[in-house]
Amino acid sequence: MTIIQPKTLGLGAAVLALALGPGCASKKYVRGSIAPVETRVASVEGKSQTNADDIAKLDDKVETDVSRLDERTTTALDRAADAQTAADRAQGTADEASARAADAKDFARTGLGRLEQTVIDMSSYEKAAAASVLFRFDSSVLTDEGKQKIATLVQQAGGRERYIVEVRGFTDSTGDPEYNVRLSQRRAEAVVRELNGKYDVPLRAIHRIGLGEDNPAGENKDRAGREQNRRVELTLYVPKADRPVALSSNRP
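Going by this note's numbering, the first residue of the sequence shown is number 924, and it counts up by one from there.
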């Protein structure tokens, strides 16, 4: 439905009145009647044009603001996406670091357990080799055969850094028991000198004792048994865990 403005109705009424009026109306009268109306119409048209221009400017401003808002919104969304990507990356890095830390912790626990076991093994010695070096009657001088047995036992150490050599000297039952104790000690000392002097076995690794007639290996009633009793027993003990090193003679 078309809405007719009041000012437009006034103009139409004036024109209609002029058309229906008496023929004696002069041009001057017509002009005088129409001029104010035209002035008002021009004023209304000017205001309408001004309002239209203002509305157009407002539309442009709104469109510009909306465009800027869209740009800001897009930028904000892009930044939010970048931030989320960075957060995801950081979370992934944190998860990876946490996993590595857990692995390192497990590795440390395993290593600590192995170290503890190694310490236990280092303090726990086990028998690795043994030899019996025989001596002539009433003698503490090593024979060539006895020296060879000592050399073989040293080789059994396997170049280990840590080991213990137990040296126990004995005699047969012939003679005075106290003399036999001293003789067994001299025999043990002869073996120690060979170990230390020729093979650089440290004295701290050697435990020696002379036991005289104790613990006979054979019967003292017969010659063969007494020969077996005139001896030095060597026992090599090594830890369950150790670092091997070279062990060689310091003399030709």
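Where a beta carbon is used, it is the ideal one built from N, C-alpha and C, also for glycine.
Compute the beta-carbon to beta-carbon distance between Leu-1126 and Gly-1092, rounded to the nearest angstrom, for a pair I have assumed lies under 8 Å. To locate residue 1126, count along the sequence shown from 1; it is residue 203. To locate residue 1092, count along the sequence shown from 1; it is residue 169. In fact, because the Cβ distance is near 16 Å, the residues do not count as touching under 8 Å.
Report the three-state DSSP secondary structure of Lys-1070 (helix, strand or coil). The residue you call residue 1070 lines up with position 147 of the sequence shown. In the structure shown, Lys-1070 sits in a helix (DSSP, three-state: H, G or I).
State the Cα-Cα distance for the pair Leu-1076 and Ser-1063, rounded to the nearest angstrom. Position 153 of the sequence shown holds residue 1076. Position 140 of the sequence shown holds residue 1063. Taking the straight line from one Cα to the other gives about 19 Å.
What are the residues that DSSP puts in a beta bridge with Gly-1098? Here residue 1098 corresponds to residue number 175 of the sequence shown, with the count starting at 1. DSSP output for Gly-1098 lists no bridge partner at all.
Per the DSSP calculation, Thr-1158 is bridged to which residue(s)? Sequence index remark: in the sequence shown, residue 1158 carries index 235 (1-based). Paired residue(s): Ala-1053, Glu-1089.
Does Gly-1082 come out as helix, strand or coil in the three-state DSSP assignment? Working through the sequence shown from its first residue, we reach residue 1082 at position 159. If DSSP states are grouped into helix, strand and coil, Gly-1082 belongs with coil.
Nearest residue (CA-CA) to Pro-1162, options Gln-1151, Gly-1141, Ala-1051: Locating residue 1162 in the sequence shown gives position 239, where the first residue counts as 1. Measuring from the Cα of Pro-1162, the nearest candidate turns out to be Ala-1051.
Below 6 Å CB to CB, which residues in the same chain sit around Asn-1103 once its five sequence neighbours on both sides are set aside? Along the sequence shown, read from residue 1 onward, the residue named residue 1103 stands at position 180. Counting only Cβ-Cβ distances below 6 Å, and skipping sequence neighbours, we find Thr-1094, Gly-1135, Glu-1136.
Closest by CA to Ser-1047, which one among Arg-1149, Ile-1087, Glu-968? Against the sequence shown, residue 1047 aligns to sequence position 124. Measuring from the Cα of Ser-1047, the nearest candidate turns out to be Ile-1087.
For Arg-1131, write down the residues that DSSP places opposite it in a beta bridge. What you label residue 1131 is simply residue 208 of the sequence shown in a count that begins at 1. DSSP lists Val-1090 as partners of Arg-1131.
Taking Ser-1055 as the reference, which of Val-1114, Arg-1154, Glu-1049 has the closest Cα? Looking up residue 1055 in the sequence shown gives position 132. Measuring from the Cα of Ser-1055, the nearest candidate turns out to be Arg-1154.
Quick check on the DSSP output: the alpha helix (DSSP H) that includes Asn-1152 runs from which residue to which? Position 229 of the sequence shown, counted from the start, is the residue given in the question as residue 1152. That run of the alpha helix (DSSP H) goes 1146-1152.
Which residue wins for smallest C-alpha separation from Val-1115, given the options Asp-988, Asn-974, Ala-975, Gly-1069? Translated into the one-based positions of the sequence shown, residue 1115 becomes position 192. The option with the nearest alpha carbon to Val-1115 is Gly-1069.
Use the C-beta contact count for Leu-981: other C-beta atoms within 10 angstroms, 16 or more gives buried, fewer gives exposed. As a first step, residue 981 is located in the sequence shown; it is residue number 58 there, counting from the start. Leu-981 should be labelled exposed.
Roughly how many whole angstroms lie between the Cα atoms of Leu-1057 and Thr-1066? The residue you call residue 1057 lines up with position 134 of the sequence shown. The residue you call residue 1066 lines up with position 143 of the sequence shown. Looking at the two C-alpha atoms, the distance is approximately 8 Å.
Among all the DSSP beta bridges, which residues are the ones paired with Tyr-1048? Along the sequence shown, one-based indexing puts residue 1048 at 125. DSSP lists Pro-1162 as partners of Tyr-1048.
8 Å contact criterion, which Asn-1143 and Ser-1096 should meet: CB distance rounded: Position 220 of the sequence shown, counting from 1, holds the residue named residue 1143. Position 173 of the sequence shown, counting from 1, holds the residue named residue 1096. At roughly 4 Å, the Cβ-Cβ gap stays under 8 Å, so Asn-1143 and Ser-1096 are in contact.
So, is Lys-1072 buried or exposed, given that buried needs 16 or more other C-beta atoms within 10 angstroms? Along the sequence shown, read from residue 1 onward, the residue named residue 1072 stands at position 149. That one is buried.
Would a C-beta distance cut-off of 8 Å place Asn-1119 and Ile-1129 closer than the cut-off? The sequence position of residue 1119 within the sequence shown is 196, counting from 1. The sequence position of residue 1129 within the sequence shown is 206, counting from 1. Yes.
To which residues of the same chain is Ala-1017 closer than 8 Å at the C-beta, ignoring the five residues directly before and after it? Residue 1017 sits at position 94 when you count from the first residue of the sequence shown. So no residue of the chain qualifies.
Figure out for me which residue from Asn-974, Asp-1145, Asn-1152 has the closest Cα to the Cα of Asn-1184. Here the chain comprises residues numbered 924 to 1175, so residue 1184 is not present and cannot be evaluated.
Short check: CB of Ala-1053 to CB of Thr-1158, under 8 Å? Taking the sequence shown and counting its residues from 1, the one referred to as residue 1053 is at position 130. Taking the sequence shown and counting its residues from 1, the one referred to as residue 1158 is at position 235. Their beta carbons are under 8 Å apart, which means Ala-1053 touches Thr-1158 by this criterion.
Under 8 Å between the Cβ atoms of Ala-1074 and Val-1090? Against the sequence shown, residue 1074 aligns to sequence position 151. Against the sequence shown, residue 1090 aligns to sequence position 167. Cβ distance not < 8 Å, so Ala-1074 and Val-1090 don't count as in contact.
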